[in-house]
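K.L.:
Chains A and B supply the protein sequences, listed in that same order. In this text, residue positions in the first sequence follow this note's numbering: the first is 1, and each later residue adds one. In this text, residue positions in the second sequence follow this note's numbering: the first is 232, and each later residue adds one.
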Amino acid sequence: MSVILNVKAVSKTYQSGGDSLTVLQAINFEVEAGSIIAIVGPSGSGKTTLLGLCAGLDRVSTGSIVLNGIPLDDLSEDERARVRNQHVGFVFQNFQLLPTLTALENVMVPLELRGERNSKATALELLDRVGLANRGHHYPLQLSGGEQQRVSIARAFSNSPKILFADEPTGNLDADTSETIEHLLFNLNKEMGTTLILVTHDLDLAAKTQRVIRMKGGEVVSDTLVQDNAL
Amino acid sequence: MGWIVRMAWRDSRRNRSRLLLFISSIIIGIAALVAIYSFGDNLEKDIDNQAATLVGADLVLHSNRELAEEAQQLVDSVRSLSQGYSEEQSFASMVLFTSNGGTRLVEVRALGDGFPYYGQLETVPESAGTSFRNHKQALVDKTLMLQFDAEVGDSVKVGEMTFEIAGRLEQAPGQSGIAATVAPAVFIPLEYLPATGLAQKGSRINYDYYFHLNGGLDADAIAAGIDSLLEVHRIGYDTIASRKQETGRSFSDLNKFLSLVGFIALLLGCIGVSSAIHIYIKEKLNSIAILRCLGASARQAFLIYLVQVLGVGFVGSIMGALLGTLIQQFLPVVFRDFVPVAISSDISWGAIAQGIGLGVWIAVLFALLPLVGIRNIAPLNTLRLSLDAPSPIKDKWSWVVYGLIGLFIFGYAYLQLDGAVETLLFTGGVALAFGILYMAANLLIWLVKRFFPASWSYLWRQGLSNLFRPNNQTAILVVAIGLGTAFIATLFFVQSMLMTRVSLSASENQPNMVLFDIQSSQKADVVELVKAQGMPIVDEVPIVTVQLEAINGITADDARKDSTIQVSRRALGGELRATYRAELSDSEKITSGEWQGQTAKGDTARVSLEADYARRIRVDIGDKLLFNVQGVRIPAIVGSFREVDWNRVQTNFRLIFPMGVIDNAPQFHVLMTRVPDEAVSAKMQQAMVQQFPNVSIIDLGLILSVLDEILDKIGFVIRFMGGFSILTGFVVLIASVMISKYQRIRESVLLRTMGASRRQILVITALEYFFLGMIASFTGVLLALGGSWALAVFSFEVTFVPDIFMMLLIMLVIASLTVFVGLINSRGITLRPPLEILRKEV
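(1) Look at the Cβ atom of B/Leu342, then the Cβ atom of B/Glu357, and state whether they are nearer than 9 angstroms.
(2) Can a CB atom of chain A be found closer than 9 angstroms to the CB of B/Asp242?
(3) What's the gap between the Cα of B/Leu616 and the Cα of B/Pro1033?
(4) Looking at the structure shown, is B/Met238 part of a helix, part of a strand, or coil, going by DSSP?
(5) For A/Gln149 versus A/Ile181, is the C-beta spacing smaller than 9 angstroms?
(6) Beta-carbon of A/Leu98 versus every beta-carbon of chain B: anything under 9 angstroms?
(7) For B/Val1073 and chain A, any beta-carbon pair shorter than 9 angstroms?
(8) Are the Cβ atoms of B/Ala706 and B/Ile667 separated by less than 9 angstroms?
(9) Apart from the five residues just before and just after B/Ile235, which ones in its own chain have a Cβ nearer than 7 angstroms to its Cβ?
(10) Can you look up B/Gln402 in the DSSP assignment and give me helix, strand or coil?
(11) Residues of the region 465-491 of chain B with a CB closer than 8 angstroms to any CB of chain A: list them in chain order, please.
(12) Looking at the strands, I want to know which residues DSSP matches up with A/Asp204.
(13) Just to confirm the assignment: which complete alpha helix (DSSP H) runs, minimum length 4, are found wholly within the region 88-144 of chain A?
(14) Report the rounded CA-to-CA distance for B/Val994 versus B/Gly694, giving the unit in angstroms.
(15) Could you pull the DSSP bridge partners for B/Phe888 from this structure?
(16) Any beta carbon from chain A within less than 9 angstroms of B/Trp1076's own beta carbon?
(17) Would you say A/Thr195 faces chain B, with C-beta separation under 9 angstroms as the test?
(18) Which bits of chain B does A/Leu113 rub up against, with CB to CB less than 7 angstroms?
(19) Just verifying my parser: in three-state terms, what is the DSSP assignment at B/Ala587?
(20) Check for me: the beta strand (DSSP E) holding B/Arg864 runs from which residue to which?
(21) Determine the direct distance from the alpha carbon of B/Val572 to that of B/Leu274, and round the result to whole angstroms.
(22) Does DSSP put B/Ala1023 in a helix, in a strand, or in coil?
(23) What in chain B is Cβ-close to A/Arg82, meaning under 9 angstroms?
(24) Which same chain residues end up closer than 6 angstroms to B/Arg849 when comparing Cβ atoms and leaving out the 5 residues on each side of it in sequence?
(25) To be precise: take each residue of the region 67-92 of chain A, compare its Cβ to all Cβ atoms of chain B, and keep it if any distance is under 7 angstroms. Which residues remain?
(26) What does the alpha-carbon distance come out to for the pair B/Leu336 and B/Ser1008?
(27) So, with DSSP's three-state summary, where would you put A/Ser64?
(28) If I measure Cβ to Cβ from A/Leu127 and keep anything under 8 angstroms in the same chain, skipping five residues before and after, which residues do I get?
(29) Please classify B/Met670 as buried or exposed, where buried requires at least 16 other C-beta atoms within 10 Å of its C-beta.
(30) Taking one C-beta from the region 591-601 of chain B and one from the region 631-645 of chain B each time, how about it: are there three or more such pairs within less than 8 angstroms?
(31) Can you tell me which of the three DSSP states B/Ile965 falls into?
(32) In angstroms with no decimal places, state the Cα-to-Cα distance between B/Ser321 and B/Thr882.
(33) What separation, rounded to the nearest whole angstrom, lies between the Cα atoms of B/Ala1021 and B/Thr478?
(34) Can you tell me which of the three DSSP states A/Arg214 falls into?
(35) Enumerate in chain order the residues of its own chain whose CB-to-CB distance from B/Gln750 is below 8 angstroms, with the five nearest sequence positions on each side excluded.
(36) Below 9 angstroms between beta carbons: does that hold for B/Ala529 and B/Arg606?
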C-alpha cells in the first residue's frame, strides 16, 4: 500500500512573551492510504497540535510533513488551503458548522470552493447518506448535537477527501449518538476508501481503529497495531 | 466572484440588521453632507436665477464722495445708453420714532425713482415699495418696526424732516438678514434728502448710480471699457455677472466650511463603523477559520466580508442620502439670515449621488482596517480559538489602509479648502482633536480603573466596571460624543467671552457712548447738551477727511502706468479719516520713529501711522507723503508708527497729524461720554436727535444687542452643525448597545438568576451610561476649555474665565441624553424573563 502521510522528525515550538514552549518533539510516523488510525493521549500531550500540522493548518518548527505526496512545509497558506480543499476532510469535536448557512449549504461549501457545478445534488446525496435529507434547509442551531455532527461528516466527505482528520468527533455527544456517529464515520470511510486519522480520549473508539499512536509530553510513546482490526 | 457574493449574502443572513446598525453611524454624516451639497446646489442655482435681483439693475456705479465734474460726465455717458436711471445716497444716521420717542442709528437710503429694475422692494403693504417715492414717506426695516413697536402710518423723523411710514420693509435687493441686523435700513425719497439737512459737506455719504441699460447692451463690456477711468475717479462698479460671481464665491466658501463640519461628523461615524466591524469580525473569527479549514483562501475570506461591508455601506448611504434630502428642506430656514436670495429646496440628484459614492467609499475604507486582519486568521482557530489574529500594528496592509485614510482626508479637505497649508492645518487639527479626545478618553478610563472606588455600593461599582467589558466601545463613544460636546461648549465659551469682552471694554471710567458727525459749529452746543444731562465729556476728537495723493512722489497715476513700482495702489487716492493732536492717547504706543505733537510754522508735518496700516501701504519711517485735505495739498513725512488697541469704545486713527497743520481744515467732531444706564441713554439720544438730527450716536447697549443677535444667528448655525456630531455619537452609542446586547442579556440574566431585581439592573445600566456621558462630555468640555483658552489668550487677548455653571450644565445635559438614549435601547434587555432567554439562543 502507498503512504499517504509521512511525518518526519517533526517538532513544534510556540513563542510566548519571550519564552519558547515546545509542544511536539521529534515525531516520526507514516500512514498508509486507506488505514484508520487513532492518536490518543492525555490532555496537553500534543494530539491536536499534531493533527493540525498533519492537516496543514499550521507549519512545523522543524522536520517535514508530506501529505499525499505534497510536502506541506514548502507551501504558502493559500497553497495549503488548496491542498485541504482538494485532499483533506475535517470533523471537529464542536462540529464547526457555519451558523449562518443551512445544513445543505454547509455541505456545499467545499464543493463550491472547488467550483463544482453539481454541488447541490452531491450535497443532498451526502445528507441523505447521513440520514438528514429532510433537514437540509435547517440552520445548525435548529439541529441537535448529533445531527450537527452528521452534517459535519457529510461536509467532510463532500470533496471525496483522500484523508480525513477527526478531532474528538464524539467528544460532545452522548453514548448512543456517539455510536451512530462512529458507525457513520467508519462506514463512509470504508465506502469511499478514505484514510481516517482520529484524535480521541475514548479508548473504546481507539480500539476500533487499526493502529493507535500514543502520545505523552509532546512525544510518541507507542505506535501499535490493533490486531483485530488490522488490514 | 459569484461564490463570494453568494457566501457574503448567506453569511450575512443572521446579521443583516446588526450590520446595518454598524453602518448606521455613517448615516448622520452622509445626511449632513447630502443636505449641505443639496443646499449648495440649490443656492448656486438660485443665485444664478436671482442674480439680477441681487443688484437690481444692469450696472451700478458707486462712490463714497460726491462726483467731480469729469466723473459726472462719465455717469452721464452711461446714462445715455440706459432706458432707466436712478440714484441713491446712503449714510448712517439717527432716526426718531415719534410715537414713542425711540431712537436708533440706521442706514438711511435716499432713493430716486425707478430702482430696482429687477426684483422689488418687498414691503407690507406691497404697494408701499413704489408709492413711497411719490410722497413724504419712508420704508422702515421690519426689525426696526418690531424693535420700536412702530406701525404703518406712524412717523419717523430723519434729520430735520418727519416722514410717514408707508410700509414695513421685508427685503431689499441683495440685502441679507444679517446685514439688516447690523445696519437696518430706512428708505426715503431722494428728493427729500436736502430737506433733512443731513447731506452736508463732510458728511460720509455713499453714492450709487443704477443703470437699466438699453436692450442688447452688455453691462460687463461697458464697465470694462470705462474701468480705467472709473479707477481714476475711485468709482467702483457692480454688474449682474460680477455680483453673481462675488456672491457665489462667498457662499461657496460657506458651503465648503459646512461641508468640512459635515465631514467631521462623517469621520466620527466612520470610526464608529470601523470599531463595530472590528467587533463583528472578532465574532466571525470561527466562521472565517472554518472557511479557511475547508480550503477558502485568505483573499476569498477577506472578499466575503468586504462585499458585506460594500452592501451595507450602500444601503446606509442611501438612507443617509434620503435623510439628508429631508434635512435639506429645513436648511433654507437655518441660513435665511445669511443669504441675500430666496433659497429653494429642490432635490439635488448630483448631491445624492455624491453622498452615496462618498458613503460607500468611506465605509469600505474604514472597514478595511479590521477587514485586512481577516487575511491573518489561521484555520488553526477551529481547533484552538484562543489563537488571535496577529496585531494589526505588525501588518503592513494595516499601514497601507491608515495611509489611504490619511490621504483621503487630506484629499477631501484639499478639495474644500484649495490650499495645501490650510488643508494641512485642517487635517492636523482634526487628527489633533481626535488624538487628544482619544488619549483623554483612555487616560480617564485608566484613571477610573487605577483609582477604582472600591468603597462604592455594588450597583455603582458594577455600572462603572461595565464600561470596561470586553469589546467595549467606550473610547470611540467618548471621542464621538466628546467632539460634539466640544463644538457646542466652545461656542458657548466664545460667545460669552466676546460679550464679556465688549462689556468690559466700556467698564469703569471708559466711555460707553460715542456721538459723531458733529459739525464744528454745533460742537459747543452739543457739549453743553451732554453736560446738561449730567454726563461727562470723556473725550472730544476732531476728524478731518484727507486723501493720500502720493508716496515718495509717486501718484496713483504713476503706479497705474508702471506696474513695477512698489507702492500700494489701493492706498493712493483713498480717503482716510485723520485727526490732529499734541499727545498720544492711552490706547496708543509708539513702536518705531518718534512722536511729534506740534509742527512749527513752515516745517513739514511728521505724521504718525498705525503700524499695520503702514505695513499694508508699504511705507517706512522718513517716507514722504502728500495729502489732499479738501482741495489743499499738504506734504508730510512719516515720523512714527503706533500700535493701537482697537478694542475700546473710543476713536482710533490710522493717521494722526501733529497740531498746527490741519487744525483749520473742514472737520467734524466725535465726542465720547459715559451714560450711567439705558434710561439716561435713551433720554439723551432723544434730546440729541431732536436738537441735532445730523449727530449720530452709538452706545454700548446697541453694540451689545447687535453683537448678541449676530452671535445668536451664527451660534444657531454652529449648534445645528455640531448637533450632527452629537447625533452621530448617539447613533454610535445605540449601535454599541445593540452590539453588546447579547453580552448584556447574559449579564442581566445571570444577575437576575442570582436575585437582582429589575430596578437594580436598570440602575446599573443607567449608571453605566451616566458615567459614559460624564466622561465623554467632560473630555469634550476639557477640549473646549483648551481651545477657548487659546482663543482668549492668542486671538482675543483677554483673560479666560470659564463659566463653571455652564460647564456643569453642558455635562449634565449630555450625560442625561446619553442615559436616555442608552436606556431606551436597553429596555428589552431588562424586561425579558431569564428563563425565556436561557431557552432561546440570543
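Using N, Cα and C, we set each Cβ at its ideal position, and we do this for glycine too. Just so we're clear, the structure is a prediction, and the values are computed from it rather than from any experiment.
P.N.:
Let me lay it out:
(1) No, Cβ-Cβ distance for B/Leu342 and B/Glu357 is not below 9 angstroms.
(2) Answer yes: the Cβ-Cβ gap between B/Asp242 and chain A drops below 9 angstroms somewhere.
(3) Since pLDDT at B/Leu616 reaches only 49, below the 50 mark, its modelled position is unreliable, and the value read off the structure follows with that caveat. Their backbone Cα atoms lie some 52 angstroms apart in a straight line.
(4) B/Met238: helix per DSSP, three-state reduction.
(5) In this structure, A/Ile181 lies closer than 9 angstroms to A/Gln149 by Cβ.
(6) So yes, A/Leu98 belongs to the interface.
(7) Bear in mind that the predicted position of B/Val1073 carries a pLDDT of just 36, short of 50, making it too unreliable to give a figure here.
(8) In this structure, B/Ala706 lies away from B/Ile667, with their beta-carbon atoms at least 9 angstroms apart.
(9) These residues qualify, in order along the chain: Gln531, Leu534, Ile535, Val538.
(10) B/Gln402 sits in a strand when the DSSP states are folded into three classes.
(11) Answer set for the region 465-491 of chain B: empty.
(12) When DSSP reads this structure, A/Asp204 sits in no beta bridge, so it has no partner.
(13) For the region 88-144 of chain A, whole alpha helix (DSSP H) runs of length 4 or above, ordered along the chain, are 103-113, 119-129.
(14) Straight-line Cα distance between these residues: approximately 8 angstroms.
(15) Answer is B/Tyr811, bridged to B/Phe888.
(16) Residue numbering for chain B in the displayed model covers 232 to 1073; residue 1076 of chain B lies beyond these limits and cannot be assessed.
(17) No, A/Thr195 lies away from the interface with chain B (no Cβ there is under 9 angstroms from its Cβ).
(18) Those are Leu525, Gly526, Ala527, listed as they occur along chain B.
(19) Here residue 587 of chain B is Ile; the residue named in the question, Ala, does not match the sequence. DSSP places B/Ile587 in helix when its eight states are reduced to three.
(20) Looking at the DSSP string, the run of the beta strand (DSSP E) that includes B/Arg864 is 863-875.
(21) Distance between the alpha carbons of B/Leu274 and B/Val572 is about 8 angstroms.
(22) Reduced to three states, the DSSP call for B/Ala1023 is helix.
(23) Neighbours of A/Arg82 in chain B, taken as residues whose beta carbon is under 9 angstroms from its own, are Gly526, Ser528 in chain order.
(24) Around B/Arg849: Ser799.
(25) Interface annotation for the region 67-92 of chain A against chain B: Glu77, Asp78, Ala81, Arg82, Arg84, Asn85, Phe90, Phe92, criterion Cβ-Cβ distance under 7 angstroms.
(26) Rounded to whole angstroms, B/Leu336 to B/Ser1008 spans 43 angstroms at the Cα level.
(27) Correct three-state label for A/Ser64: strand.
(28) Around A/Leu127: Ala103, Leu104, Val107, Ala133, Arg135, Gly136, Val151, Ala154.
(29) Its Cβ having fewer than 16 others within 10 Å, B/Met670 is exposed.
(30) Flag = yes, the region 591-601 of chain B and the region 631-645 of chain B touch.
(31) The answer is helix: DSSP assigns B/Ile965 an H, G or I state.
(32) The straight-line gap from Cα to Cα measures roughly 23 angstroms.
(33) Between B/Ala1021 and B/Thr478, the alpha-carbon positions lie close to 32 angstroms from each other.
(34) Strand at A/Arg214.
(35) If the five residues before and after B/Gln750 are omitted, its C-beta is found closer than 8 angstroms to the C-beta atoms of Gln431, Gly433, Phe899, His900, Asn925, all from its own chain and listed in chain order.
(36) Yes, the Cβ-Cβ distance between B/Ala529 and B/Arg606 is below 9 angstroms.
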